[in-house]
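Protein chains in written order, with our numbering: chain X, 2 to 74; chain G, 3 to 149. Each residue gets a CB set at the ideal place from its N, CA and C atoms; glycine is no exception.
Okay, here's the thing in structure tokens:
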């Protein structure tokens, strides 16, 4: 699976970063590496929110949305 | 496992660059990125780069780099603080439309875009950029790195 890092930068310069396609803790290492490179380039980033996404998260979301759909119908 | 995170940002010249380029910070990589970020702002708004900004009484202050735009000719100056932080200064007196603040935000956003693209390229990603305009002066930029 391919690794993807999608960074969204709003009008105030805040970053929203989505790391996907990683196995195990690889995305955490990638995050550390990215932050270190950004600091070298003069951009210090301070986490405001941080959330791990794993398969059970997706499964929970799916179950919830299915349950919601049933209630709606 | 994947990860979602949001961050606030500040522009800070690393201590190593402060030492290496001490007497000539304009040659440092961070000021090079800042110059690109501010060049884009003066290109978008019309205006020029300078090394000073002016207050409402016409008093000029020197800085490492400034953007004097056609809609804010007094200019916004970038100043390197002793700890390496880059701050933006301008005289907000009479700036009822908040143009000075908007210029600061645009410079920060441009800086962040350039830094993120360079970092992702160094990490070996193929990088693609998309811009979505929210208004004449505001946009959201998405940088997609795939490897």
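Between residue 30/G and residue 21/X, the alpha-carbon positions lie close to 33 Å from each other. For residue 80/G, the nearest beta carbon of chain X is not closer than 8 Å to its own beta carbon.
Per DSSP, reduced to three states, the secondary structure at residue 132/G is strand.
Here residue 33/G carries a helix assignment [DSSP, helix/strand/coil]. Comparing C-alpha distances from residue 2/X to each of 23/X, 10/X, 12/X and 17/X shows the shortest one belongs to 23/X.
Annotated as distal: residue 113/G and residue 18/X, with beta-carbon spacing of 8 Å or more.
If you draw a 10 Å sphere on the C-beta of residue 78/G, you find 16 or more other C-beta atoms in it, and that means buried. Separation of residue 32/G and residue 103/G (C-alpha to C-alpha, rounded to the nearest whole angstrom) is 21 Å.
Checking the DSSP bridge columns, you'll see residue 17/X partnered with 9/X and 8/G.
Among the residues facing chain X, residue 32/G is included, as its CB has a counterpart in that chain under 8 Å away. The shortest CA-to-CA distance from residue 64/G to any of 139/G, 134/G and 76/G is the one to 76/G.
Minimum Cα-Cα distance from residue 14/G among the listed residues 59/G, 141/G, 83/G and 100/G corresponds to 83/G. Residues of the region 19–30 of chain X with a C-beta atom less than 9 Å from some C-beta of chain G are 19, 20, 21, 22, 23, 24, 25, 26, 27, 28 and 29, listed in chain order. Contact between the region 109–124 of chain G and the region 36–46 of chain X is present, with at least three C-beta pairs closer than 8 Å.
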